[in-house]
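Please read the structure below before turning to the comments.
Chains as they are written, first to last, in this note's numbering: chain E, 414 to 727; chain S, 525 to 971.
See the structure below:
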């Protein structure tokens, strides 16, 4: 008797979100089974990788992370262009590090100008990530939503304390939101309910469960993501049926182990390859847990993960 | 899987003799069902009842021990598909493949490298535990010398990758006392291989071309009474390997499919030549259900990410990782450096050390034992309040290391500052930021 795999009783489906506009628009979600489980369900869209771009020259990055972008570190539009033309990015994620009130504290108007430059430089969907300072993000993200009407930007993080103004501006201008909650399935659901009440459509929401890298507590977000996905696909929980986005590159590359040179820690091996693997393995673990968009940095890490997504889904 | 007390009771002698130490057979059955007593306490159990009870109470995936003593590793014994349902039990041991075609010097180097890759993290010591010793030379004496060399120069548990019965027997004469895993019985040689595994009392891997063949082979072997098995579905691609792992785990847990109720072994290095890709493959298989992972090449930059990933995934969700209580010196502090206080929830500790390191401000981080709870949870549980914090500050020895008396407490427990100033005479209590990310800015303005 040939062996048959016992099935899972799926009864839900992840909503399908469309990021960006025109020929380069990207669909995410839409699947009715766990990630890489196409043998028992359908998944019209593969998980996607968004390449990071910073709005100011990044600080504290190890050489390995900087090297591929050495010529564009102070030029967000050029950086975005390089991601697309040289590294084949399907989408980019602009990290608004310069707006941090504890750092350069650049204004909402400055940020909106950079966003315009980046969206003019590339055709692929653009994701905008604030600093998670709720008051500042409220101003910055609102200004950005208003400055690029109809671009279907993906804007976040939107949290319980600042969702109202950002959600209203996003809806008016046709953008998507990143609903961010601190590693907790109930808080993720609560925020989605609030957004629904504020008039945001389910397929304009991505869930950000707040992620960390391997070695730094990835097990917490891993299990929260698995629980979100199980609730969405097998318990018909329509308030959790959104695609999940994981902003993980910055977590992987800020760790001590990504930075320390091999000369200081020979037992950790080659610095560059180690950093690439810390990022790639973190990304892979989050994909397995249900990540639909992974924000990544190093071209080699991206190449590895992209290839393996293709192999697992092919 | 587990029988109820009543079902167990039906199989007992029902004499209420009390020889088991419990007054009645029913009470004894209840104790067994609750896991408080073992079957062997009853001296009057018929052998038929015993085997039925053992069969029914066996875990859905058999735990298999490879190696002995310090060299032993345990795999299998898993009970859930997702770690949040309970926990994953046994982190899959990681092995490196060493061939007997390597020359002596190379082998010696590999053993030294293997021994050097040890990491301490949050009170755990991380390492790859195993070596897979491969018979490839066609010369038995070369293989025997590799094994002898590995026994004398490493602390690994072993996999003997050798399917030639005559050579394998010689290898086991030298190593059976260390209980290596034998790899592998196939459809063509399974009779002989099982006899050898039984004779030397070692666990045996079985290798098939696909799941159908694997299930037949496992059924035949278990029917003969041999149970210490490890399964290799023979997957050649990551896609097939992922499917096979999910299928085997689900069958064992959800269908109680006995032929697949064993840990698995995978070889990501045989699916690609690129060591980076091999590492990412391995990370998939660690999270998704491999029992043993055999890697091709020993490289420090590839093993470290896998070890921390494995540690994370196999952390018990009900028992968060905890850091050891004590004083942590970051960036080389002196007697004037700032002193920060936090809980011993590992995640908090890692975040804080990362931020303090990146601030480059020399600092002392005082980690107080809160049984692994985060700041607010520990505070709510009464493990992070003025009275016990002050005791910790006095006894931890920080007063001998600094000349000032300023303590930075987490912003989330700012309301404890008055209590602390009362308990800690002569100390000034400063309120730190609520978020770790704001620490570098805070520290740069300190003092």
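Even for Gly, the Cβ is constructed at its ideal location relative to N, Cα and C. The structure presented is a predicted model; accordingly, all values stated were derived computationally and were not measured.
Any C-beta of chain S under 7 Å from that of residue i
{"i": "residue 699 (chain E)", "result": "no"}
{"i": "residue 660 (chain E)", "result": "no"}
{"i": "residue 686 (chain E)", "result": "yes"}
{"i": "residue 676 (chain E)", "result": "no"}
{"i": "residue 693 (chain E)", "result": "yes"}
{"i": "residue 418 (chain E)", "result": "yes"}
{"i": "residue 470 (chain E)", "result": "no"}
{"i": "residue 475 (chain E)", "result": "no"}
{"i": "residue 650 (chain E)", "result": "no"}
{"i": "residue 415 (chain E)", "result": "yes"}
{"i": "residue 467 (chain E)", "result": "no"}
{"i": "residue 683 (chain E)", "result": "yes"}
{"i": "residue 628 (chain E)", "result": "yes"}
{"i": "residue 620 (chain E)", "result": "no"}
Beta-carbon gap between residue i and residue j smaller than 7 Å
{"i": "residue 964 (chain S)", "j": "residue 694 (chain E)", "result": "no"}
{"i": "residue 597 (chain S)", "j": "residue 700 (chain S)", "result": "no"}
{"i": "residue 640 (chain E)", "j": "residue 608 (chain S)", "result": "yes"}
{"i": "residue 973 (chain S)", "j": "residue 655 (chain S)", "result": "Coverage of chain S is limited to positions 525 through 971, which leaves residue 973 (chain S) absent and any answer about it impossible."}
{"i": "residue 839 (chain S)", "j": "residue 632 (chain E)", "result": "yes"}
{"i": "residue 557 (chain E)", "j": "residue 525 (chain E)", "result": "yes"}
{"i": "residue 886 (chain S)", "j": "residue 909 (chain S)", "result": "no"}
{"i": "residue 695 (chain S)", "j": "residue 756 (chain S)", "result": "no"}
{"i": "residue 656 (chain E)", "j": "residue 438 (chain E)", "result": "no"}
{"i": "residue 540 (chain E)", "j": "residue 463 (chain E)", "result": "yes"}
{"i": "residue 889 (chain S)", "j": "residue 936 (chain S)", "result": "no"}
{"i": "residue 493 (chain E)", "j": "residue 466 (chain E)", "result": "yes"}
{"i": "residue 739 (chain S)", "j": "residue 419 (chain E)", "result": "no"}
{"i": "residue 785 (chain S)", "j": "residue 587 (chain S)", "result": "no"}
{"i": "residue 592 (chain S)", "j": "residue 702 (chain S)", "result": "yes"}
{"i": "residue 967 (chain S)", "j": "residue 930 (chain S)", "result": "no"}
{"i": "residue 705 (chain E)", "j": "residue 538 (chain E)", "result": "no"}
Minimum Cβ-Cβ distance from residue i to chain E less than 7 Å
{"i": "residue 607 (chain S)", "result": "yes"}
{"i": "residue 762 (chain S)", "result": "yes"}
{"i": "residue 839 (chain S)", "result": "yes"}
{"i": "residue 650 (chain S)", "result": "no"}
{"i": "residue 768 (chain S)", "result": "no"}
{"i": "residue 824 (chain S)", "result": "yes"}
{"i": "residue 771 (chain S)", "result": "yes"}
{"i": "residue 801 (chain S)", "result": "yes"}
{"i": "residue 568 (chain S)", "result": "no"}
{"i": "residue 595 (chain S)", "result": "no"}
{"i": "residue 908 (chain S)", "result": "no"}
{"i": "residue 736 (chain S)", "result": "yes"}
{"i": "residue 616 (chain S)", "result": "no"}
{"i": "residue 525 (chain S)", "result": "Because the pLDDT at residue 525 (chain S) is just 46, under 50, the model does not fix this residue reliably, and the point stays unresolved."}
Rounded Cβ spacing between residue i and residue j (contact assumed at less than 8 Å)
{"i": "residue 588 (chain E)", "j": "residue 568 (chain E)", "result": "5 Å"}
{"i": "residue 754 (chain S)", "j": "residue 815 (chain S)", "result": "6 Å"}
{"i": "residue 623 (chain S)", "j": "residue 660 (chain S)", "result": "5 Å"}
{"i": "residue 680 (chain E)", "j": "residue 641 (chain S)", "result": "6 Å"}
{"i": "residue 636 (chain E)", "j": "residue 841 (chain S)", "result": "6 Å"}
Backbone secondary structure at residue i - three-state DSSP
{"i": "residue 666 (chain E)", "result": "helix"}
{"i": "residue 938 (chain S)", "result": "helix"}
{"i": "residue 525 (chain S)", "result": "Note that residue 525 (chain S) scores 46 on pLDDT, short of 50, meaning its location in the model is unreliable and no value can be drawn from it."}
{"i": "residue 621 (chain E)", "result": "strand"}
{"i": "residue 570 (chain S)", "result": "coil"}
{"i": "residue 659 (chain S)", "result": "coil"}
{"i": "residue 784 (chain S)", "result": "helix"}
{"i": "residue 441 (chain E)", "result": "strand"}
{"i": "residue 915 (chain S)", "result": "helix"}
{"i": "residue 446 (chain E)", "result": "coil"}
{"i": "residue 497 (chain E)", "result": "helix"}
{"i": "residue 867 (chain S)", "result": "strand"}
{"i": "residue 620 (chain S)", "result": "strand"}
{"i": "residue 591 (chain E)", "result": "strand"}
{"i": "residue 728 (chain E)", "result": "Lying outside 414 to 727, the shown extent of chain E, residue 728 (chain E) is not represented and no answer is given."}
{"i": "residue 638 (chain E)", "result": "helix"}
Any chain C beta carbon closer than 7 Å to residue i
{"i": "residue 886 (chain S)", "result": "The structure shown contains no chain C; the protein chains it does contain are E and S."}
Open item on the list: To test your reading of the DSSP string, which unbroken alpha helix (DSSP H) runs of 4 or more residues are found completely within the segment 673–707 of chain E?
Closed with: 684–702
Task: Entirely enclosed alpha helix (DSSP H) segments - the segment 500–576 of chain E, minimum 4 residues - done: 521–534 and 547–560
Task: Runs of beta strand (DSSP E) lying entirely within the segment 697–728 of chain S, each at least 3 residues, in chain order - done: 705–709
Task: Continuous alpha helix (DSSP H) assignments of at least 4 residues falling wholly in the segment 816–853 of chain S - done: 824–837
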